[in-house]
Structures are given as structure tokens and as C-alpha cells.
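Participant: For the sequence shown, the positions run 513 to 803 when our numbering is used. Each residue gets a CB set at the ideal place from its N, CA and C atoms; glycine is no exception.
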Amino acid sequence: MEGIPEYINLLSYLFIAVYMLSVPLETTRGAIIQTLGQWNLMGRALLANFVIIPILGVIIARFFNLPQEIKIGFLLLAMAPGGLLALQFARVSSGNRVLAVALLFVFCLLAILITPALVLSFFHKEGAGKLPFAWLILMLLLLIVVPALVGRALQRLIPEHAPKLGLWLGRLSIVIFIIAAVTAGKYKRPAIELMGTNGIEAIVLLIVCSWVVGWLIGGPEIRNRKVLAISSSMRNVGVCLPIASSYFSGTDVAVPMLAFSGVMIPMNMVFALVTGRMARDKEETAGATKA
Numbered sequence: 513m514e515g516i517p518e519y520i521n522l523l524s525y526l527f528i529a530v531y532m533l534s535v536p537l538e539t540t541r542g543a544i545i546q547t548l549g550q551w552n553l554m555g556r557a558l559l560a561n562f563v564i565i566p567i568l569g570v571i572i573a574r575f576f577n578l579p580q581e582i583k584i585g586f587l588l589l590a591m592a593p594g595g596l597l598a599l600q601f602a603r604v605s606s607g608n609r610v611l612a613v614a615l616l617f618v619f620c621l622l623a624i625l626i627t628p629a630l631v632l633s634f635f636h637k638e639g640a641g642k643l644p645f646a647w648l649i650l651m652l653l654l655l656i657v658v659p660a661l662v663g664r665a666l667q668r669l670i671p672e673h674a675p676k677l678g679l680w681l682g683r684l685s686i687v688i689f690i691i692a693a694v695t696a697g698k699y700k701r702p703a704i705e706l707m708g709t710n711g712i713e714a715i716v717l718l719i720v721c722s723w724v725v726g727w728l729i730g731g732p733e734i735r736n737r738k739v740l741a742i743s744s745s746m747r748n749v750g751v752c753l754p755i756a757s758s759y760f761s762g763t764d765v766a767v768p769m770l771a772f773s774g775v776m777i778p779m780n781m782v783f784a785l786v787t788g789r790m791a792r793d794k795e796e797t798a799g800a801t802k803a
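(1) Rounded to the nearest angstrom, what separates Gly788 and Arg556 at their Cα positions?
(2) Return helix, strand or coil for Leu526, following the three-state DSSP convention.
(3) What does DSSP give as the partner residue(s) for Pro593 in the beta ladder?
(4) By the 10 Å Cβ neighbour count, where 16 or more other Cβ atoms means buried, how is Gln546 classified, buried or exposed?
(5) For Thr801, count neighbouring Cβ atoms within 10 angstroms of its own Cβ and tell me buried if that reaches 16, exposed if not.
(6) Leaving out five residues on either side along the sequence, give the residues of the same chain with a beta carbon under 6 Å from the beta carbon of Ala798.
(7) Which term fits Thr627, buried or exposed, when burial requires 16 or more other beta carbons within 10 angstroms of its beta carbon?
(8) Quick one: Cα of Ala756 to Cα of Phe783, how far?
(9) With the cut-off set at 8 Å, would you say Cys721 and Leu588 are in Cβ contact?
(10) For Ala560, count neighbouring C-beta atoms within 10 Å of its own C-beta (all shown protein chains included) and say buried if the count is 16 or more, exposed if not.
(11) My assumption, with CB atoms under 8 Å, is that Ala697 sits in contact with Gly774. Please give the rounded CB distance.
(12) Quick check: what's the CA-CA separation for Phe619 versus Leu669?
(13) Among the candidates Leu684, Gly663 and Arg683, whose CA atom is the shortest distance from the CA of Ala674?
(14) Report yes if the C-beta distance between Ala660 and Leu770 is below 8 Å; otherwise report no.
(15) Any idea if Trp647 is buried or exposed, counting beta-carbon neighbours within 10 angstroms, 16 or more meaning buried?
(16) Relative to the alpha-carbon of Met707, which residue among Leu684, Asn577 and Gly678 has its alpha-carbon at the smallest distance?
(17) Can you tell which of Leu611, Met554, Leu523 and Ser534 has its C-alpha closest to the C-alpha of Ile688?
(18) Rounded to whole angstroms, what's the CA-CA distance from Leu537 to Gly762? Just pull it up for me.
(19) Please state the DSSP three-state secondary structure of Gly762.
(20) According to the Cβ coordinates, are Ile492 and Leu616 closer than 8 Å?
(21) Check whether the Cβ atoms of Ser743 and Ala629 lie closer than 8 Å to each other.
See the structure below:
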């Protein structure tokens with residue numbers, strides 16, 4: 513099966529960096545830290561993504577009786593939240609984008625720390641390759657932490673121009689996202705075909721279950737429910753693929769990861785478009801009516 517070309521991966525990384533740069537420019541000082549301090553909301557998000565959804569993944573994998581290597585890749589996805597492209601769908605759905613950034617940072621950090629440990633605990637095998645721990649930490653710093661810090665610095669240096677700059681960077685991130693998604697499609701199609709009907713049904717069911725779990729634990733605010741539903745369903749292919757390539761080289765463990773990426777993007781685009789139009793908080797609805 514043909515792998516995804518490096519230039520497409522670079523486009524995806526560029527999208528994340530540009531998006532993470534734009535958000536601090538469009539938000540007030542301390543908004544992200546304030547969101548991280550909402551212990552109840554963040555605790556429910558962690559419970560859903562590191563306990564409930566992994567358990568659902570195990571149940572789904574057993575129900576569909578997935579082949580061993582496919583099952584390993586599927587379960588790694590169920591255990592690793594923090595899909596990077598969730599940021600774009602948070603924008604499309606008119607969700608709480610500050611919460612989306614906070615969740616991305618927490619989910620990615622914990623996924624990088626926890627997923628390799630889970631691999632060694634549950635999927636350890638003799639003669640396996642090395643886990644790409646250093647690369648994952650570097651990815652977290654370069655794609656998420658550094659752009660966010662630069663954006664915050666620019667927001668302080670040019671407060672009068674920061675919102676407009678953030679808006680245009682956000683629009684640029686949309687263009688980059690569309691190019692990356694379209695060009696990657698043909699490389700993910702073979703993986704979808706290799707999964708077979710059972711495998712695709714398992715992926716679709718996990719995404720739908722993740723939507724339900726995220727929506728139910730999102731609390732009273734609709735904009736938070738949208739983000740939690742999307743963020744929970746977008747599993748962290750960016751963390752899982754390097755592990756599959758280095759630790760499980762020569763196997764089909766990467767197949768469900770590529771297939772999942774090919775399925776979760778169009779499904780979440782539809783979900784984001786529908787919820788963006790139909791589900792809104794009362795304050796948002798009132799503001800739109802007045803406008």
C-alpha cells in the first residue's frame with residue numbers, strides 16, 4: 513500500500529501551526545488558561561477520551577472480530593485522542609474554539625506520554641522497533657506550543673491589529689486544510705478498501721459513539737458540546753502513525769489509521785456543517801436574530 517507523501521504531511525503540519533498562531537491573536541489574554549482551569553469540564557473530557565472511548569473501542573473491535581494487526585491499529589486510535597484537524601471543524605461548527613485549542617494541547621500531551629506506555633503494556637512484541645518518543649515531543653512543541661506562544665506575543669505587541677491578523681491567518685488555515693484533505697484522499701482510499709466492510713463499520717461506529725459521548729458530557733453550552741463531540745471523534749492519527757511505522761514496521765497496523773483518517777474527515781465535516789447551522793446556544797441565536 514502506498515504511503516502518504518511527505519509534502520501532504522507537511523501541509524497538515526502547516527495547517528496546525530497557522531491555526532495555532534491565529535487563535536491567540538483572536539482571543540483575549542488568559543482565555544485559554546481560564547478554559548484549562550475549568551476542572552469539571554476538562555475532567556469530563558479526559559474521562560470520555562481516556563476511559564470511556566477506549567473501552568468502547570475494545571468492545572467494538574471484539575464485536576466485529578477484527579484481524580489481529582488491524583485490531584491493534586484500531587485500538588491504538590481508540591486510546592489516543594487529540595486529532596489535529598479537529599480545530600478546523602470546531603470553526604466550521606461555530607463551536608468554542610478556545611476550548612478546542614485547550615483540548616488539543618491537553619489531549620496531545622497526554623497521548624504522547626500515555627500511548628507509548630500502553631503499547632509496551634498491551635502490545636509488546638519481541639524484536640519490535642523503537643518508539644518515536646522524541647519525535648512526538650518535538651511535534652508537540654513545533655506544531656502547538658511554539659505557534660501559540662508566538663501568537664500570544666504578537667497579540668501583546670500589536671493589540672490593535674492582532675484580531676484582523678488572526679482572522680486572515682484563520683482563513684489561510686482553511687485553504688491549507690482543504691488542499692491537504694483533497695490531496696491526501698487518493699492515498700487513503702486503498703487503506704479503506706483493505707479494511708473491508710467489517711473494518712469500515714467498526715470505524716464508523718466508533719466515530720458515532722464518540723460523537724454521542726462527547727455531546728452528552730459537554731455540559732449545558734451547545735458550543736462546548738460541539739467541540740467535545742468533534743474532538744472526541746477525531747483520534748490522534750499523528751501520534752499513532754509514527755508508532756505503527758517504527759514499532760510495528762512490516763505489518764498492517766497502520767492500515768486502520770489511514771482508513772480512519774479517510775473516514776473521520778468527511779464524517780466530521782458533515783457533522784460540523786449540520787451542528788453549525790442547527791444547534792446553537794440561546795445567546796448565539798438571540799445575537800443572530802438582532803443582527
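Facilitator: Judging by the given coordinates:
(1) One C-alpha to the other measures close to 23 Å.
(2) In the three-state DSSP reduction, Leu526 falls in the helix class (H, G or I).
(3) Paired residues: Arg747.
(4) By the neighbour-count criterion, in which 16 or more other beta carbons inside 10 Å mark a residue as buried, Gln546 falls on the exposed side.
(5) For Thr801, the predicted structure reports a pLDDT of 40, less than 50, and the residue's modelled location is therefore unreliable. The matter cannot be settled from this model.
(6) At Ala798 the pLDDT is 46, less than 50, meaning the model places this residue with poor confidence; the figure from the coordinates comes in the next sentence. Excluding residues within five positions, none has a Cβ falling inside 6 Å.
(7) Counting of Cβ neighbours within 10 angstroms places Thr627 among the buried residues, the total reaching 16 or more.
(8) Ala756 and Phe783 have their C-alpha atoms spaced approximately 29 Å apart.
(9) Not in contact: Cys721 and Leu588 (Cβ atoms no closer than 8 Å).
(10) Flag for Ala560 reads buried.
(11) Here residue 697 is Gly; the residue named in the question, Ala, does not match the sequence. Rounded, the Cβ-Cβ distance is 7 Å, consistent with contact.
(12) So the two alpha carbons sit approximately 29 Å from each other.
(13) Taking only the C-alpha atoms, the option nearest Ala674 is Gly663.
(14) Inclusion of Ala660 and Leu770 in the CB contact set at 8 Å is not warranted, their separation being larger than that value.
(15) Around the beta-carbon of Trp647, fewer than 16 other beta-carbon atoms lie within 10 Å, marking it exposed.
(16) From the listed residues Leu684, Asn577 and Gly678, the smallest Cα separation to Met707 is found for Asn577.
(17) Of all alpha-carbon atoms in Leu611, Met554, Leu523 and Ser534, the one lying nearest the alpha-carbon of Ile688 is that of Leu523.
(18) Approximately 44 Å between the Cα atoms of the pair.
(19) Note: Gly762 maps to coil in three-state DSSP.
(20) The structure shown has nothing for residue 492, since the chain only spans 513 to 803.
(21) Taking C-beta atoms as the reference points, Ser743 and Ala629 fail to come closer than 8 Å.
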